[in-house]
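In our numbering, the protein residues as written are 548 to 713.
The beta carbon of each residue, even a glycine, is placed where N, CA and C say it ideally should be.
Just below is one structure, and these are the notes that go with it.
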């Protein structure tokens with residue numbers, strides 16, 4: 548192609564900008580919320596069975612976020628054993644009374660609080676659900692300035708649940 552032909556040719560308008568703009572509008576988060584499993588149930592045995600299933604099915608099993616005792620020092624923070632354990636196997640179901648029920652790893656965790664349920668009603672049928680569950684608490688390691696060594700401890704397990712509609 549000669550240089551004068553290059554300047555004579557008409558450039559076609561780019562359609563990708565318009566397409567990208569429409570895609571981002573349709574993928575906009577319409578509603579999001581975060582709550583804990585304690586908002587749904589106080590059954591510790593149920594939460595531990597869900598957490599055990601999450602750990603069993605996690606392909607990476609990156610306990611203590613990959614840290615070993617030598618990684619801890621005076622400025623390091625507490626690190627939980629299951630800190631990196633998450634799942635997207637979280638389902639939202641509606642029962643006959645229009646109550647929303649959360650299932651994590653196929654195990655029913657409980658009914659969503661009424662205040663949050665009212666919000667879900669606006670988005671459930673129309674938008675795409677994305678939900679995650681994160682393990683909180685459990686066994687941990689931290690550096691003790693008093694004894695100048697890594698100590699281990701335990702806090703009760705919990706689950707943080709994140710739900711969004713896009």
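### Task
List the DSSP bridge partners of residue 712.
Answer by DSSP bridge pairing, in chain order: 578, 676.
#### Entry: DSSP three-state assignment for residue 602, whether helix, strand or coil
Look at residue 602 here: in three-state DSSP terms it is helix.
### Task
With DSSP collapsed to three states, give me the class of residue 662.
Note: residue 662 maps to helix in three-state DSSP.
### Task
Would you mind reading off the limits of the beta strand (DSSP E) that contains residue 651?
Here the beta strand (DSSP E) through residue 651 covers 647-651.
### Message
To the nearest angstrom, how far is the alpha carbon of residue 698 from that of residue 630?
### Response
Cα to Cα, residue 698 sits roughly 17 Å from residue 630.
### Query
Who pairs with residue 701 in a beta bridge, going by DSSP?
DSSP lists 686 as the beta-bridge partner residues of residue 701.
### Identity of the residues DSSP links to residue 623 by a beta bridge
Secondary-structure assignment with DSSP links residue 623 through no beta bridge to anything.
### Message
So, does the stretch 703-713 touch the stretch 670-683, judging by three or more C-beta pairs under 8 Å?
### Response
Yes, they touch.
### Task
Closer than 8 Å by C-beta to residue 568: which residues in its own chain qualify, once you throw out the five before and the five after it? Chain order, please.
Here residue 568 scores only 47 on pLDDT, less than 50, and its place in the model should not be relied on; the value that follows carries that caveat. Answer for residue 568: no residue qualifies.
### Message
Am I right that residue 597 and residue 654 are in contact with their C-beta atoms under 8 Å? What's the rounded C-beta distance?
### Response
Right, their Cβ atoms sit about 5 Å apart.
### Message
Suppose the cutoff is 7 Å on Cβ atoms and the five residues either side in sequence are ignored; what does the same chain contact list for residue 625 look like?
### Response
Taken in chain order, the residues that qualify are 687, 689.
### Message
In whole angstroms, give me the CA-to-CA distance for residue 691 and residue 684.
### Response
When only Cα atoms are considered, residue 691 and residue 684 end up about 18 Å apart.
### Query
Are the Cβ atoms of residue 632 and residue 602 separated by less than 7 Å?
Result yes, Cβ atoms of residue 632 and residue 602 sit closer than 7 Å.
#### Entry: Buried/exposed call for residue 619, threshold 16 Cβ in 10 Å
Taking a 10 Å sphere around the C-beta of residue 619, we find 16 or more other C-beta atoms and assign the residue as buried.
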